[in-house]
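*Asks:* Below you will find the structure I want to go over with you.
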Amino acid sequence: MRFERWRSISKLRMTFSLSIMDFCSYDVGACSEESVILATLKGLGCSVRPVRIDWNDFPKVELIESSQTIATHALYSLAKQGSLEAALTLVDDIVNIDSLLRLKQLFDKCRPDYIQPIHAEEQLGRNKLPVALGLLLSRNLDVPLGLDIVQSSRAYRTGADGYHRLVGRVGFDGVVQQGGRYFVVDDAITQGGTLADMRSYIIQQGGLLVGSATLMGKPHSATISITKPTLGLLRKAAGKNLEQWWHEQFGYDFSKFTESEARYLTKQINREGVDCVRDHLIKARSTTGC
2 MRFERWRSIS KLRMTFSLSI MDFCSYDVGA CSEESVILAT LKGLGCSVRP
52 VRIDWNDFPK VELIESSQTI ATHALYSLAK QGSLEAALTL VDDIVNIDSL
102 LRLKQLFDKC RPDYIQPIHA EEQLGRNKLP VALGLLLSRN LDVPLGLDIV
152 QSSRAYRTGA DGYHRLVGRV GFDGVVQQGG RYFVVDDAIT QGGTLADMRS
202 YIIQQGGLLV GSATLMGKPH SATISITKPT LGLLRKAAGK NLEQWWHEQF
252 GYDFSKFTES EARYLTKQIN REGVDCVRDH LIKARSTTGC
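Following this line, the structure appears as structure tokens:
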């Protein structure tokens with residue numbers, strides 16, 4: 002397979018515009034940076050915060066960069082704040098041929114119908130990195146870029162502590178193609194809550210999530226679905242009362258946690274105790290509005 006390597010910003014912009022034309026009936030000349038994602042919001046209904054569902058052996062997240070953070074890249078802040086040009090350049094710098102070959106092998110196995118970026122609202126602005134990554138993969142791996150599903154509520158997970166990440170549920174809007182096989186891409190993964198929420202939304206709306214990739218993440222974050230040993234340790238530390246309280250508040254039990262969420266909560270319980278942890282969760286929830 003021949004992979005394209007982009008170095009010219011003008012070519013990146015042209016390619017991006019053509020991809021948007023493939024999936025949205027918008028004039029290229031009228032597409033501003035903000036309209037790239039905002040265009041998909043037209044006609045959408047109310048935000049839906051999906052209830053987490055069983056993992057069913059969901060595969061590991063493909064980490065494009067796991068040895069170091071991309072946050073040190075000169076264009077990272079601009080991309081997170083909404084610069085499409087910065088996002089496209091950064092993604093082109095980070096994603097190399099080896100990464101594309103790994104993803105090509107993964108795509109051959111999971112056979113996605115759509116590459117679905119997580120359109121994220123961040124504290125500093127509208128994050129363009131997921132769409133830029135989705136575009137590069139779409140053009141090089143010959144899989145359509147999906148723009149119908151949008152993150153419609155703000156979790157503000159960037160820079161948040163573990164408690165706020167746990168309770169900061171994300172809502173989504175948009176049409177899911179019935180039986181459609183989606184591959185989700187994002188700029189980073191920490192606890193994996195956003196990915197877990199999008200997966201639940203897609204499946205509950207009639208689609209399938211067959212895989213995922215992020216630009217960066219620590220190696221342990223690649224394991225997204227909770228393992229039996231980790232679930233056992235969490236339940237042993239938390240006891241039945243905390244799990245029951247969580248289920249009453251959020252509509253799902255600990256088995257729907259991500260691996261990193263479960264490890265974090267277990268660590269905090271062992272350090273501070275169940276009652277103190279519950280107080281932290283209540284406080285965090287009161288400031289997120291979730």
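In this text, residue positions in the sequence shown follow the numbering used here: the first is 2, and each later residue adds one.
Beta carbons: idealized from backbone N, C-alpha and C, even for Gly.
Just so it is clear, the structure is predicted and the values come from calculations on it, not from any experiment.
Rounding to the nearest angstrom, what Cα-Cα distance links CYS111 and GLY212 in this structure?
*Replies:* So the alpha carbons of these two residues sit roughly 7 Å apart.
*Asks:* Which whole-angstrom value is the C-beta distance of VAL171 and LEU282, which I expect to be below 8 Å?
*Replies:* In fact, because the Cβ distance is near 17 Å, the residues do not count as touching under 8 Å.
*Asks:* Three or more C-beta pairs under 8 Å: does that hold for the stretch 60-67 against the stretch 255-272?
*Replies:* No, the stretch 60-67 is not in contact with the stretch 255-272.
*Asks:* Specify the secondary structure class of ARG170 as computed by DSSP and reduced to three states.
*Replies:* Three-state DSSP puts ARG170 in coil, outside helix and strand.
*Asks:* Tell me which same chain residues have a C-beta within less than 7 Å of the C-beta of SER201, skipping the five on either side of it?
*Replies:* PRO51, VAL52, ARG53 and ILE54, listed in sequence order.
*Asks:* How big is the Cα-Cα spacing for VAL186 and LEU243?
*Replies:* Approximately 33 Å, taken between the alpha carbons.
*Asks:* Based on Cα-Cα distance, which residue from ASP143, GLY194 and ILE203 lies nearest to ILE150?
*Replies:* When only C-alpha atoms are compared, the closest one is ILE203.
*Asks:* Figure out for me which residue from LEU102, VAL144, LYS257 and LEU130 has the closest Cα to the Cα of ASP114.
*Replies:* For the residues LEU102, VAL144, LYS257 and LEU130, the minimum Cα distance to ASP114 belongs to VAL144.
*Asks:* Can you pull the DSSP bridge partners for THR215?
*Replies:* DSSP lists LEU64 and ASP187 as partners of THR215.
*Asks:* Quick one: is ALA75 buried, meaning 16 or more other Cβ sit within 10 Å of its Cβ, or exposed?
*Replies:* Per the 10 Å Cβ criterion, exposed.
*Asks:* Specify, as a first and last residue, the run of the alpha helix (DSSP H) that GLN250 falls within.
*Replies:* Element bounds for GLN250: 229-251.
*Asks:* For a minimum of 4 consecutive residues, which ranges assigned as the alpha helix (DSSP H) are wholly contained in the stretch 72-125?
*Replies:* Segments of the alpha helix (DSSP H) lying fully in the stretch 72-125: 77-82, 85-95 and 98-111.
*Asks:* According to DSSP, is LEU148 part of a helix, a strand, or is it coil?
*Replies:* Residue state, collapsed to three classes: coil.
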